[in-house]
Every structure is written in C-alpha cells, then in structure tokens.
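K.L.:
Here it is, the structure, as structure tokens.
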Amino acid sequence: MGFTITEKILKKHIIDGKSEKGKEVAIQIDQTLTQDATGTMAYLQFEAMNVQKVRTELSVSYIDHNTVQIGFENADDHKYLQSVAAKYGIVYSRAGNGICHQVHLERFGRPGKTLLGSDSHTPTDGGIGMIAIGAGGLDVAVAMAGGPFYMIYPKIININLTGKLKPWVSAKDVILKVLEIFTTKGNVGTVFEYTGTGVKTLTVPERATITNMGAECGVTTSIFPSDDVTKEFLKAQGREKDWVEIKPDEDAIYDKTIQINLNELEPLAATPHSPGNVKKVKELHGTEVDQVCLGSCTNSSYRDLMTVAKIIKGKKVHKNVSFVIAPGSKQVLENITKDGGFEELLSAGARFTENACGFCIGNSQSPKTGGVSLRTSNRNFEGRSGTKDAQVYLVSPETAVAAVITGKITDPRDLEKLGFKYPQIKMPKKYYIDDSMFILPPKDGKNVKINRGPNIGEPPRSTPMPQEIQGIVTIKVGDKITTDHIIPAGARMKYRSNIPKYSEFVFEIIDPKFHEKAKKIRGTGKYNIIVGGVSYGQGSSREHAAICPMYLGVKAVIAKSLERIHKANLVNFGILPLKFKNEEDYDIIDQNDELEISNIITLLKKGEKLTIKNKTKNKTFDTEYDLSDREKKILLAGGTLNLMRGKSK
Ligand code: MIC
Ligand code: SF4
Numbered sequence: 035m036g037f038t039i040t041e042k043i044l045k046k047h048i049i050d051g052k053s054e055k056g057k058e059v060a061i062q063i064d065q066t067l068t069q070d071a072t073g074t075m076a077y078l079q080f081e082a083m084n085v086q087k088v089r090t091e092l093s094v095s096y097i098d099h100n101t102v103q104i105g106f107e108n109a110d111d112h113k114y115l116q117s118v119a120a121k122y123g124i125v126y127s128r129a130g131n132g133i134c135h136q137v138h139l140e141r142f143g144r145p146g147k148t149l150l151g152s153d154s155h156t157p158t159d160g161g162i163g164m165i166a167i168g169a170g171g172l173d174v175a176v177a178m179a180g181g182p183f184y185m186i187y188p189k190i191i192n193i194n195l196t197g198k199l200k201p202w203v204s205a206k207d208v209i210l211k212v213l214e215i216f217t218t219k220g221n222v223g224t225v226f227e228y229t230g231t232g233v234k235t236l237t238v239p240e241r242a243t244i245t246n247m248g249a250e251c252g253v254t255t256s257i258f259p260s261d262d263v264t265k266e267f268l269k270a271q272g273r274e275k276d277w278v279e280i281k282p283d284e285d286a287i288y289d290k291t292i293q294i295n296l297n298e299l300e301p302l303a304a305t306p307h308s309p310g311n312v313k314k315v316k317e318l319h320g321t322e323v324d325q326v327c328l329g330s331c332t333n334s335s336y337r338d339l340m341t342v343a344k345i346i347k348g349k350k351v352h353k354n355v356s357f358v359i360a361p362g363s364k365q366v367l368e369n370i371t372k373d374g375g376f377e378e379l380l381s382a383g384a385r386f387t388e389n390a391c392g393f394c395i396g397n398s399q400s401p402k403t404g405g406v407s408l409r410t411s412n413r414n415f416e417g418r419s420g421t422k423d424a425q426v427y428l429v430s431p432e433t434a435v436a437a438v439i440t441g442k443i444t445d446p447r448d449l450e451k452l453g454f455k456y457p458q459i460k461m462p463k464k465y466y467i468d469d470s471m472f473i474l475p476p477k478d479g480k481n482v483k484i485n486r487g488p489n490i491g492e493p494p495r496s497t498p499m500p501q502e503i504q505g506i507v508t509i510k511v512g513d514k515i516t517t518d519h520i521i522p523a524g525a526r527m528k529y530r531s532n533i534p535k536y537s538e539f540v541f542e543i544i545d546p547k548f549h550e551k552a553k554k555i556r557g558t559g560k561y562n563i564i565v566g567g568v569s570y571g572q573g574s575s576r577e578h579a580a581i582c583p584m585y586l587g588v589k590a591v592i593a594k595s596l597e598r599i600h601k602a603n604l605v606n607f608g609i610l611p612l613k614f615k616n617e618e619d620y621d622i623i624d625q626n627d628e629l630e631i632s633n634i635i636t637l638l639k640k641g642e643k644l645t646i647k648n649k650t651k652n653k654t655f656d657t658e659y660d661l662s663d664r665e666k667k668i669l670l671a672g673g674t675l676n677l678m679r680g681k682s683k
C-alpha cells in the first residue's frame, strides 16, 4: 500500500503514538514561527521553561501584526521580542520585513519539514510541501524547548485538481470553492492534500493562497506536492538546495477524494460575515463599493500585486473607492518596484501601507459606517475590520481590481468588454533578495539582557481542576463563535502582554459587560461557565481566547462542538472543554443558570461521561469530551505550565 504526502512526512516525524486516525501522536517540530501579537506571551512562557537555547532547526520571530505603534506598548513588545530572540538563538524579522507567512514561504519554508506557528495561517507553507500547523503560543513554546507537538492523526482528504484556471479566475477562487464544499465547520482532525494534473499549473504563491485559507475550514493543515514548480520557486529564491521532491504514491489511499476542475471555476466571493458564505461574483454584480484592500498573508505575493498593477496600468481608482495595498513582504515590494508595478499602482491612486497585517486585523483602514469593503484577505468576521456594521467580502485580486476600476462589485471577466486584457505575469527567474531585515542571533546569547517594558507582565497560570465546579452560565452564545468574538484584536491587540487589561475586552462585541459580570461571579466563589453552539472557537489561534477567560474565572466551556486550536488552548490553560452528548440539551440552558459539575477528577480519570446538573431548571444533561490521557493530566494540574513546573520539581 502506498503513502500520501502527509503520511510520508508524518512518518518521519512521529516520535510517539500510533499512526491511527483519530488517535493522538507526538511529532517532532523542525521549525517554528511566532508573530508579535501571539509571540510575547509565547516567549514569556518559553522563558518560564528554563531552557538555554531553542532546540529546533530554525525558529523565527516575526514582527508583523502590531506595527501601528500608537502608545508605547507595541514598541515595548518588539524590543522584548528582539532581546529574547538574541538570547535564545532565534532569527528576528524586523517590522517592515513583511507578514510572517509570506516571508517564511520566501526565505525559510522547506519541503518535507514540519513547521509549528503561533498563528492559524501557518499552513500557508503547505504550499511548498511542508506539514505546517497553527497552534497556541504555549504549544509553540514547548516545541522551541524541544518538546513534541501533539496532534490527532488526521483523516486525509484528497482534493484532485484537473484542468487550468481560465483568465480572470485565480487561486482565491479555488479555495473559495473548497470553502463552499466543506464550509467552515466539521473539518477538525482533517488534512487537505492537493494532487492531480492541475497542480503543476499553479505557482507556489498560488498554492500558498489555497493552503493558507484551508484554516478557514478548520482543518489541521493543507499540503501540496513538492515538484518542479516548487524547485523553480526555491531556485528563484536562491534556495535550490532546500528542494526535495515529495509526491504521493500512485496507490496512496485517501479517506475521501473530491474533484475540482480548474477550467470550470468562476470568480467567487465570501459574503458577510463568514468565509464560508460563498457566492458567485456575478450574483453580487452592481453592489457599490467603498473600499478595496489588496494584501494580507493570503494574496499579497509578487504575482497578485503585479496582476493588479498590469490591469490598472494607465487607469485611475474610481472616485468612490479607497484602494489600500499592504504588500506581503519587503521582497514583494522591492520586486514589484523593480518591475514597474509599484509605479503603476501608485499612479492609479493606490494607498500603500506597511508590509504588515494592517487592515486584515482591523488595527487600521476600518471602513466607513456600513461600508462595503472588498478584501483579498481570509477572514470577514463581523467587526474584525474595526467597523461593526461594515460589509466585508473576500475576493481574488482580479475581482478586487475590477471594483477599484468600476466602483461596483464586478465580475472581472466583464472587464474584457471594457477593453481590458488579462495579463500573463511571468514569475521572476530570480527574485531580488535582501535579507538585511533579519537579525541573526549571536552564537552565544547567554549574556544578552532581556528588555521588559512596563507593558510586559508575567504569564498567568490556572489552578488545578477541582473535583466539583459550582458555576454560572455567564454567557450563552450561538454557532460559529470565533476567537475574534471571544477576544477582539484590532485596536485592543496592544494589550496582548497585559492580561488584566486585555481581559476587559472578553466578548466585547457580544456583551461588553462580560468581564464585570465574570469577576463578580468569581468573587462569590463560583466559577464562570461558557455555553456555545457548533464550531466554538473558530479562526485565530490566539491563546488569549483561553488565557483571558481563565483570568476572569472561567473553568468550563460546554459547546455543541469545539475547534482544534481553541480546544488545545483551553486545555493548556486549565479550562474544561466539554461537548453536549445530545445537542438538544443546549436548549435547556439559559444565560445565568446555575450549573453543578461533580466528581470531575474521578470521572475524567475513568474516562466516564460528566453529567451536569442545571440547578436553576432542576434538570440534568450529559456531556462528553475528546481528551487524551496527556490532556487530562494537563487539566488536572491546572494547565501546561503548572504540569511542567510540577514535573521539574
Ligand atoms: C488572525 O488572522 O486572526 C491573526 C491575528 O493572525 C491570528 C493570530 C492572533 O490573534 O494574533 C491567527 O490567525 O492566529
Ligand atoms: Fe496577519 Fe491577516 Fe494573515 Fe492573520 S490573516 S497573519 S492578521 S495577514
């Protein structure tokens, strides 16, 4: 029996556990990446592990999220991160060098290796044939300290691509098609593996757009083969030696195969407020547009920006549209500048922002009240743009530029009727490369002093799991609650290193009084309990969506289903993640109900179901949990840091 690409790479990295679908395995991590918004907490936790130096082949600390720097907080974080990188042997990518995923793909991604990143879009590097997984900062800290990463041995779904994309249709439309098929829920514990004759028609950055947004389906990761196209890309990056061929065996067995004929795809858009609300662009035709944003880690490559530059060349941005561009990296910006694209975009009226996450995370370029914004990024959750009632659509660069020109949502194929030709962009044979924005660590960082500004606190710890939880349902939420709902980013993100302050914003967009209520309840000796619907904790990997609730005294989450990264973060911070055994029981709980969960330690150890008493309604209901023995130990100890401290005593 042959092997899939995923199996081939995992086989070489599994250090504990059996390759049995649905079972937990421990894998060795070759590379890690962090970004500044999750990184500070990850390194504070790493410091608490008392390790002299990172034990990975490569660890990179990127500054790309909080680069707006209003107030001292972000700059303090950056200095802290720079000093930690020097001390512990980590490469530091300075603010301005670009978005972690784009830069990592360009300069460090290696086929056949494993990458763990404290950002949910780490699977971007699956486009170069890596097993690249997003995780909470604490899991990345453990990997940097040489520990394994624990994952569920995945189901592998084969997405077989045939044909070739037609003009005006691009990689974003492929992943939007995948989102239409698989939606944003129900894909936990799965890997998407792309194969087929269509693969060779896609460049590495196009493949990376597809693997990047697999995160929106909630899969563990997505991966492409490493082939001649990969080799060409690495060669153009001056890294041909990093290439190895990886392809599935002819007789590889997949759990399921779906076919996508690239020829048959047409321009698609994700409509407000979920990446899974996919419609044909032609159905949205004519909607007036206020803003178009090109960039983010999804569509900010040389090819994306040059395509738009060549289409808009000689034209001007429509008078009602604000056209914002955030290039993915300094390398992209320098290359489009050398090849004339920058000038074409600038003279058309584009507003260039930093090579950073910027608009995508809502810390700048918020649209006007009720504004329609077309973005090439990957998430359009309500409020994420910084404007609660903004209508954000996710589209390809081609659909984006069509709106820039016409001022309306326009099927880009219609541009031909207006005399536009679809440009064929040649990928550079050799990129202009300047690595001067990376600061390499000294050989021996022992004497480096860590910079700690006043914004940098201690990583908080949880308390051991009690035998009994007497709690109040502080909030009951519906389906598809994202980590952006739980703890917003945007302007609030500057408090990432200050948990007491950041905690004031838990559930801000649903119930701004949540934190006051939660503190009051905890003050009475009771715990807070969150009740959620399907796919609770979608989206970002931010472990603050567990740390801040923990800080406010949340001890259990009961939901219809939980997303992978968030569930792991809950465990890491000692919060019990439970699922309703019968989904209908969700309906017999109301906000403010008092619940009692008894015999927790005893039943967890035995692996038996937990029956919860709703004291307010005088009813009971059963819950279940997917927890390995390792996760149970973490929960009982009150989180990973407590467990590690206990072990090292
Ligand atoms: C996101 O796209 O939501 C983020 C901001 O990159 C997050 C990480 C974070 O919250 O810092 C992610 O995707 O994990
Ligand atoms: Fe940055 Fe947006 Fe990508 Fe997250 S999704 S890493 S905020 S560009």
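Numbering (the numbering used here), first residue to last: 35 to 683. For each residue, glycine too, the CB sits at the ideal point set by N, CA and C. Since the model is a prediction, treat every value here as computed from it, not as a measurement.
Shorter than 7 angstroms, the distance from the beta carbon of Asp153 to the closest heavy atom of the ligand MIC, or not?
P.N.:
It does: the Cβ of Asp153 is within 7 angstroms (strictly closer) of some heavy atom of the ligand MIC.
K.L.:
Buried or exposed, going by whether 16 or more other CB atoms sit within 10 Å of the CB of Leu67?
P.N.:
Leu67 is buried by the Cβ-count criterion.
K.L.:
If you measure between the beta carbons of Val605 and Leu669, is that distance less than 8 angstroms?
P.N.:
Closer than 8 angstroms, so yes.
K.L.:
When DSSP labels each residue in this structure, what does Gly329 get in the three-state scheme?
P.N.:
Three-state DSSP puts Gly329 in a strand.
K.L.:
May I have a chain-ordered list of the alpha helix (DSSP H) segments no shorter than 4 residues that lie completely inside the segment 196-283?
P.N.:
Entirely contained in the segment 196-283, the alpha helix (DSSP H) runs reaching 4 residues are, in chain order, 205-216, 238-246, 262-270.
K.L.:
Just to check, is the beta-carbon of Ala413 closer than 7 angstroms to a non-hydrogen atom of the ligand SF4?
P.N.:
Reading off the sequence, residue 413 comes out as Arg, not Ala. Under cutoff, so the answer is yes.
K.L.:
From Ile21 to Thr341, what distance separates their C-alpha atoms?
P.N.:
Residue 21 falls outside the range modelled here, since the chain spans only 35 to 683, and no answer is possible.
K.L.:
My guess is that Val366 and Ser334 are in contact by the Cβ rule of under 8 angstroms, so how many angstroms apart are they, rounded?
P.N.:
Rounded, the Cβ-Cβ distance is 6 angstroms, consistent with contact.
K.L.:
Is there contact here, the segment 547-555 with the segment 505-519, by at least three beta-carbon pairs under 8 angstroms?
P.N.:
Yes, the segment 547-555 is in contact with the segment 505-519.
K.L.:
Using beta-carbon positions only, say whether Ser256 and Tyr228 come within less than 8 angstroms of one another.
P.N.:
Against a cut-off of 8 angstroms, the Cβ pair of Tyr228 and Ser256 comes out as a contact.
K.L.:
In terms of DSSP beta bridges, what is Met185 paired with?
P.N.:
DSSP lists Val59 as partners of Met185.
K.L.:
Between Tyr561 and Gly524, is the Cβ-Cβ spacing less than 8 angstroms?
P.N.:
No, Cβ-Cβ distance for Tyr561 and Gly524 is not below 8 angstroms.
K.L.:
Please confirm whether any heavy atom of the ligand SF4 lies closer than 7 angstroms to the CB of Ile490.
P.N.:
Not so, every heavy atom of the ligand SF4 lies at least 7 angstroms from the Cβ.
K.L.:
What residue from Ile646, Ser204, Ile294 has the CA that sits closest to Thr196's CA?
P.N.:
Taking only the C-alpha atoms, the option nearest Thr196 is Ile294.
K.L.:
For Leu172, tell me which candidate among Glu618, Lys477, Arg576, Lys613 has the shortest Cα-Cα distance.
P.N.:
Of Glu618, Lys477, Arg576, Lys613, the residue nearest in Cα terms is Arg576.
K.L.:
Straight-line CA distance for Asn192 to Asp513?
P.N.:
Distance between the alpha carbons of Asn192 and Asp513 is about 28 angstroms.
K.L.:
Which word fits Thr5, buried or exposed, when buried means at least 16 other C-beta atoms lie within 10 angstroms of its C-beta?
P.N.:
Absent from the model: residue 5. The displayed extent of the chain is 35 to 683, so no value can be given.
K.L.:
Apart from the five residues just before and just after Val137, which ones in its own chain have a Cβ nearer than 7 angstroms to its Cβ?
P.N.:
Taken in chain order, the residues that qualify are Tyr96, Ser127, Asn131, Ser363.
K.L.:
Decide if Lys683 is buried, meaning its Cβ has at least 16 other Cβ atoms within 10 Å, or exposed.
P.N.:
Reliability of the predicted coordinates at Lys683 is poor, the pLDDT of 44 falling under 50, and no value is obtained from them.
K.L.:
Going along the chain, which residues of its own chain have a beta-carbon closer than 8 angstroms to the beta-carbon of Ser407, five neighbours each way excluded?
P.N.:
Val323, Asp324, Gln325, Val326, Cys327, Pro401, Ser419, Ala424, Gln425, Val426, Tyr427.
K.L.:
For Gly673, which residues from the same chain have a beta carbon less than 7 angstroms from its beta carbon, with the 5 sequence-adjacent residues on both sides left out?
P.N.:
Cβ neighbours of Gly673 beyond the five flanking positions: Arg495, Ser496, Asn606, Phe607, Gly608.
K.L.:
Between Asn676, Glu58, Lys344, His47, which lies nearest to Met185 when the distance is taken from Cα to Cα?
P.N.:
Checking every option, the nearest Cα to that of Met185 belongs to Glu58.
K.L.:
Please go through the same chain and pick out, in chain order, the residues whose beta-carbon is closer than 7 angstroms to the beta-carbon of Val438, but skip the five residues on each side of it.
P.N.:
Val326, Ile346, Val351, His352, Val355, Phe357.
K.L.:
Could you tell me which residues DSSP puts in a beta bridge with Lys442?
P.N.:
The partner list for Lys442 (beta bridge, DSSP) reads Glu322.
K.L.:
For Lys463, collect the residues of the same chain with a Cβ closer than 7 angstroms to its Cβ; drop the 5 residues on either side in sequence, then sort them by chain order.
P.N.:
For Lys463, where only same-chain residues beyond five positions count, the Cβ hits under 7 angstroms are Ala270.
K.L.:
When you measure from the CB of Ser330 to every non-hydrogen atom of the ligand SF4, does any distance come out below 7 angstroms?
P.N.:
Yes, since a heavy atom of the ligand SF4 falls inside the 7 angstroms radius drawn around the Cβ of Ser330.
K.L.:
For Ser117, which three-state DSSP category applies?
P.N.:
Reduced to three states, the DSSP call for Ser117 is helix.
K.L.:
Rounded C-beta distance between Thr74 and Tyr114? I'm assuming under 8 angstroms.
P.N.:
The pair is a contact, with the Cβ atoms about 6 angstroms apart (cut-off 8 angstroms).
K.L.:
Less than 8 angstroms between the C-beta atoms of Thr218 and Gly348, yes or no?
P.N.:
In this structure, Gly348 does not lie closer than 8 angstroms to Thr218 by Cβ.
K.L.:
Measure the Cβ-Cβ separation of Ile622 and Lys651 and say whether it is below 8 angstroms.
P.N.:
Cβ atoms of Ile622 and Lys651: closer than 8 angstroms.
K.L.:
Between Cys251 and the ligand SF4, is there a pair consisting of the residue's CB and a ligand heavy atom that are separated by less than 7 angstroms?
P.N.:
Flag unset: Cβ of Cys251 not near the ligand SF4.
K.L.:
Taking the beta carbon of Asn414 as the centre, do at least 16 other beta carbons fall within 10 Å, making it buried, or is it exposed?
P.N.:
By the neighbour-count rule (16 or more Cβ atoms within 10 Å), Asn414 is buried.
K.L.:
Any chance the segment 479-495 sits against the segment 50-65, with 3 or more Cβ pairs inside 8 angstroms?
P.N.:
The segment 479-495, when compared against the segment 50-65, does not touch it at the 8 angstroms Cβ threshold.
K.L.:
Could you give the DSSP three-state label for Lys640: helix, strand or coil?
P.N.:
Lys640: helix per DSSP, three-state reduction.
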